[in-house]
Structures are given as structure tokens and as C-alpha cells.
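Engineer: Chains as they are written, first to last, in my numbering: chain A, 1 to 133; chain B, 134 to 529.
Handing you this structure, nothing more for now.
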Amino acid sequence: MSTQVPFTIEQFYKFLAEGKLMAAKCQKCGKIHLPPRPMCDNCYGQDFVWMEVSGKGKLLTYTTIHVAPQQFQSLVPYTVGIVELENGLKLPGMISGIPPEAVKIGMALKVEFKACDVGQTWPQWQRYCFKLT
Amino acid sequence: MGNQGLNGKPLVSIVSAGLSKFGKHEGLYARELFSYAAKEAFDRCPKLEPKRDVKAMFIGHMGEAYEHQGHTGSAVADWAGLLGVAATRTEAACASSGAALRSGIFAVLSGLADVVIVGGVEKMTHRSTSEVTEYLAMASDYPFEQFHGITFPGLFALMATAHMNAYGTTQEQMAKVAVKNHHNASLNPKAHLQKEITVDKVMESKMVAWPFKMYDCSLITDGASCVVLAKPELAAKYTDQPVHIVGSGQASDTIGLYERKSLTSLQATKTAAKTAYDMAAVSPAQVQVAEVHDCFTYAELMAYEDLGFCPVGESGALIDSGETCLGGRLPVNTSGGLKAKGHPVGATGTAQVYEIYLQLTGQAEKRQVKDAKLGLTHNVGGSGATATVHLYRSDA
């Protein structure tokens, strides 16, 4: 992967639109950043390389939202959680296709690169969600 | 951080404090609301000449969105009769006035100002629940939390679910926090909700973000708080009953909950508490009364553990024991807390100071903790990306 591609949150979402879950590895100290950032918070290095990471993981915790901001109200109730990926990195997101009462901590989930359109004008990023593996 | 070498020496002294009634104030702007808190603080301290003595103000205010109004520091100073004073708004989400207090301490300790006002204000009730939910969520990580529909109650619910899973904490134990704090608020004439509730009422209330029901959540409230700080050597000039701040800690953490090592505790609270305890040379067991950040019922249980009031995983047992109720070993949130007194976000940190000031000067009336001499406040911003912890001592 070219290092000319900026190591930014926006670029993370651009990769998602291509169906790739990408993290940035610091070349100096080896720390893997998800989301990527322009400077390593561990060693202050700025030399990164992109690496594709597994979208599979297990659910660390969850909640089902009943009172939502305006743009998400049509989805209520919806479940969100934090997933620990196979490499130890973590991502939060919606859990779809599973009834709230069936969601359990520790269940195996995987990233899916499409989700609801909530009619947002900015930022117009690709969304992701988590589904059963 | 370690011991700061101060060993309980006062950093600053509180010589007065004021609080607006918390609740729904239709037709009042934030700056107008603050003037009520300032008026009470001025009236309590007749020897203070505000225009002469006050050299700086730090005002906690979280959001422009509520009133389309930023630049709150100067507006509040003007409406408090202090036009011309160096006034600055501080923002750290729901810890905005905890941060204002820290700024005030910095100002006095530096020697740049002998007397400063710290306080906070938020006007929220004129907005819809949906709007307030969105504005509060702005204190979380936008690209990964808000963007995926995660709300503020949702973030604390994620922590509560993890704690239930790890330690067997129950929804009923969380509900007991609400019952206790509503009872305390029923004794506080300035509280937003002055009514008792039961565990059943909590359990039957409308779901907000599982496992949190409506009665697990703090209130959308209008309110303002004001505290007058003075250099300790000058405190006697203003009052016979100064309350000394003897420990001050503040820490930060990742803005996104998902990046934290622990989902059941707040590292920022633990770090801030260690700094404050070391500075004051006291242990958690010595604290006699505490106002902790109970934005949601689980947040109070988490605070018990992070502040060292009980071992990790045993906060459910602590609320069951009744030790944190009025009359118990360590009464917590005697004011009614954010849960029932109300949570006008920018005002909350110094509203906690107001309650401890009343307690340590023997002015808490029906809520008075007998012979309280050492108090603690704990103010959290966002889902724990900021925390401030302060310790207070009265010598009377």
C-alpha cells in the first residue's frame, strides 16, 4: 500500500467503501492504530504502513438504544456494541440482523460493509455494522 | 503523579457559594440564570465587594447549541455585575465546571489573583429530548460513536452491561442508587425532582438504553452554580467558616470508549483521585461525605470503585449495604445528585462543590451529615475522557 495515502479517519472510511478494514502500523515502534492517525501516540513517529485487518471478532459489551437522536429514530430500537477483533483492536458499531434479546457478550461477529442510510449530509461515509459470523 | 508534598495544606479556600434553583426555568437565558447563583454567593459573604475583590472568573458551559450562544464567560460576568473582570469559559463536557474549579485554583495558587469566581451554567429544558440527546452525544467520539448511533446513555449502558457480565451487578442494585438519590433530593429544596421513588418504579419506567430505564438517567435541567475562592491567607477576611480545598486532581482518557483498556472503570477518575488523595494526604476511608458523578445509576456504582470506597466489583454490595445513604458510613450524593437534583451539564461540577460547602459548614439542614469535616467531589466529562476529583476540609 502506498504511503502517499494519508493516515486519516476519512481514509479509513474510504477503504471501507472498497470493502477493506484497514489499520495503520507505525514503522518505528510497531504499534497498530485503528483508527489511523497522522502521528503515533506511542513514539511520535509519522512513518506508517497500511495493513488489512480481520473483520471477525467477539462482542465485548452492548446496549439497545430506545431514545435516539433524530437521524436514527426510524431505527429504534437498535443494538450497538463494542467488538474486539481477532488482532485485539476494538471497534464500536451497530449490531444488525440479531434480535436484541438474543445478543450476548462473547458472541462471534463480523464486520459487514453496508448499513443503514440515515440521510446524513456530512460526513457521507460508508457505514459498517456487525453481523453474526 | 505521587505525593505533591502539600500534605493537606490548603490550595485555596472557599469563602462563599451560591446555587440557582435546579429545574425548568422557562424564559430565562443561561446568563440570567447564573445571576441567581452569583446573587446567593454575594449575599452569603457580605464582606466581599465583588467589583473590587474578584479578579477572574472561570465559567463551565458545555454547549453553544442549546441557546445558539457561545462566548459565555463574558456574558455571564456582565450579568453577574462583574463587567470588566477577566472571564473565561471552560469546556470539558459535563466536567466543564470541574475544570473551571481547577482553573480557579491555578489562578489563585499562581498568585495572579487573590479572589476568583468559578461556576457553571446550562439551559437545557427548552429543547426536545431528541435535540438534547444529540447535543450531549457531541461529547463522545463523533466518527466512531455518534456516527453509528451511539448515544450518551448508550455509552454508560455499554459500561453497565460489561460490569453486570463481569461481576453479577444487577439492575435492581442500580435502581437503588436512584431510590437513594431521589430520597436525598426530597430533602433538598433546590433539587429538580423532590419526590421519592421505589425500585419497582425504576424497573417499570420507559427503556432508554438497555439496561437503563428513564429513572436510571439524570435529568435534563436548567441551573447555575457559583463558588468564591480566595487565597487561604485571606480567607478569614471574608468568612469565619472557610472550607479549604486540600486536594485537586484532573485527568484525561481516550474520547472513544472503545479504545479503553477497561469498560467497567474510568482510568481518568482513578488517576485524578490518586492525585487528589496524595495531595491531601488522606485515604478514601477518611472521606465523610461525597458528591459523585451519577449521570446514570451505574456511574455512581463505578465511582464507588474508582474512588476507592469499595473493592473492584463490590459496588453493588455497597449500595445494598445502605452505607452510602444518609445516616450511613459514607453518605454519597446528599444533594440528590445529578440523578434527582438535576444535571445542567456545565453547572454540575461546582453544584457538587456547593453541596459539600453546605455540608462542611453545617448548613445542609435535613441532609446534614453529622460532624462532616472531610468531603469529596467527583465530576466526569463525556464517557470518562475527563475527570476531576477534589477534596475539602473544614477546620471548624
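C-beta atoms are modelled at their ideal positions from N, C-alpha and C, and glycine is treated no differently.
With the cut-off set at 8 Å, would you say residue 499 of chain B and residue 311 of chain B are in Cβ contact?
Structural biologist: no
Engineer: Identify the continuous beta strand (DSSP E) that holds residue 322 of chain B and give its terminal residues.
Structural biologist: Unbroken run through residue 322 of chain B: none, as it is neither H nor E.
Engineer: Candidates B:457, B:309 and B:186: which alpha carbon is nearest residue 333 of chain B's?
Structural biologist: B:309
Engineer: Listing by chain order, which chain B residues have their CB less than 8 Å from the CB of residue 8 of chain A?
Structural biologist: Under the 8 Å cutoff, chain B gives no residues; its nearest Cβ is about 10 Å from residue 8 of chain A.
Engineer: Around the Cβ of residue 216 of chain B, are there at least 16 other Cβ atoms within 10 angstroms (buried) or fewer (exposed)?
Structural biologist: Counting of Cβ neighbours within 10 angstroms places residue 216 of chain B among the exposed residues, the total staying below 16.
Engineer: Examine the Cβ distances between the segment 121-132 of chain A and the segment 149-167 of chain B and report whether three or more of them are shorter than 8 Å.
Structural biologist: no
Engineer: Do we get a CB-CB distance below 8 Å when we pair residue 434 of chain B with the residues of chain A?
Structural biologist: no
Engineer: Look at the alpha carbon of residue 37 of chain A and the alpha carbon of residue 31 of chain A, and state the distance between them as a whole number of angstroms.
Structural biologist: 11 Å
Engineer: Tell me which residues share the same chain as residue 302 of chain B and place their Cβ nearer than 6 Å to its Cβ, disregarding the 5 neighbours each side in the sequence.
Structural biologist: 296 and 449
Engineer: Whose C-beta lies closer than 7 Å to the C-beta of residue 135 of chain B among residues of the same chain, with five residues either side of it excluded?
Structural biologist: Unreliable placement is indicated for residue 135 of chain B, whose pLDDT of 39 sits below 50; no coordinate value is reported for it.
Engineer: Return helix, strand or coil for residue 526 of chain B, following the three-state DSSP convention.
Structural biologist: strand
Engineer: Is the beta carbon of residue 68 of chain A sitting closer than 8 Å to the one on residue 262 of chain B?
Structural biologist: no
Engineer: Leaving aside the five residues before and after residue 454 of chain B along the sequence, list all residues of the same chain whose C-beta is less than 8 Å from its C-beta, in chain order.
Structural biologist: 461
Engineer: Are there three or more Cβ pairs, one per stretch, closer than 8 Å when the segment 379-395 of chain B is compared with the segment 337-350 of chain B?
Structural biologist: no
Engineer: Ignore the nearest five residues each way along the sequence and tell me which others in residue 304 of chain B's own chain have a CB closer than 7 Å to its CB.
Structural biologist: Around residue 304 of chain B: 336 and 344.
Engineer: Can you give me the C-alpha to C-alpha distance between residue 474 of chain B and residue 15 of chain A, rounded to a whole angstrom?
Structural biologist: 47 Å
Engineer: Applying the 10 Å Cβ sphere with the 16-neighbour rule, what's the burial state of residue 6 of chain A?
Structural biologist: exposed
Engineer: To the nearest angstrom, report how far apart residue 260 of chain B and residue 355 of chain B are at their CA atoms.
Structural biologist: 11 Å
Engineer: From the DSSP secondary-structure annotation, give me the bridge partner or partners of residue 94 of chain A.
Structural biologist: A:80 and A:129
Engineer: Might you give, ordered along the chain, the residues of its own chain that have their beta carbon closer than 7 Å to the beta carbon of residue 330 of chain B, omitting 5 neighbours on each side?
Structural biologist: 311, 312, 315 and 348
Engineer: Residues in the same chain with beta-carbon distance under 7 Å from residue 291 of chain B, minus the five sequence neighbours each way, listed in chain order, please.
Structural biologist: 390 and 396
Engineer: How about the segment 251-259 of chain B and the segment 91-107 of chain A: do they share at least three Cβ pairs that are nearer than 8 Å?
Structural biologist: No, they do not touch.
Engineer: Since residue 168 of chain A sits in a beta bridge, which residues does DSSP pair it with?
Structural biologist: Outside the shown range of chain A (1 to 133) lies residue 168 of chain A, about which nothing can therefore be said.
Engineer: Grouping DSSP H, G and I as helix and E and B as strand, with all else coil, what is residue 374 of chain B?
Structural biologist: coil
Engineer: Given a cut-off of 8 Å, decide if residue 93 of chain A and residue 281 of chain B are closer than it, judged by their beta-carbon atoms.
Structural biologist: yes
Engineer: Can you say whether residue 196 of chain B is buried or exposed, counting buried as having 16 or more other CB atoms within 10 angstroms of its CB?
Structural biologist: buried
Engineer: For residue 73 of chain A, return the contacting residues in chain B, with the cut-off set at a CB-CB distance below 9 Å.
Structural biologist: For residue 73 of chain A, the C-beta contacts it makes with chain B under 9 Å involve 263, in order along the chain.
Engineer: Do residue 238 of chain B and residue 359 of chain B count as a contact pair if the criterion is CB distance below 8 Å?
Structural biologist: no
Engineer: Is there a Cβ from chain A that is less than 8 Å from the Cβ of residue 316 of chain B?
Structural biologist: So, not an interface residue.
Engineer: Just the chain A side, please: which residues come within less than 7 Å of residue 290 of chain B by C-beta, in chain order?
Structural biologist: 63
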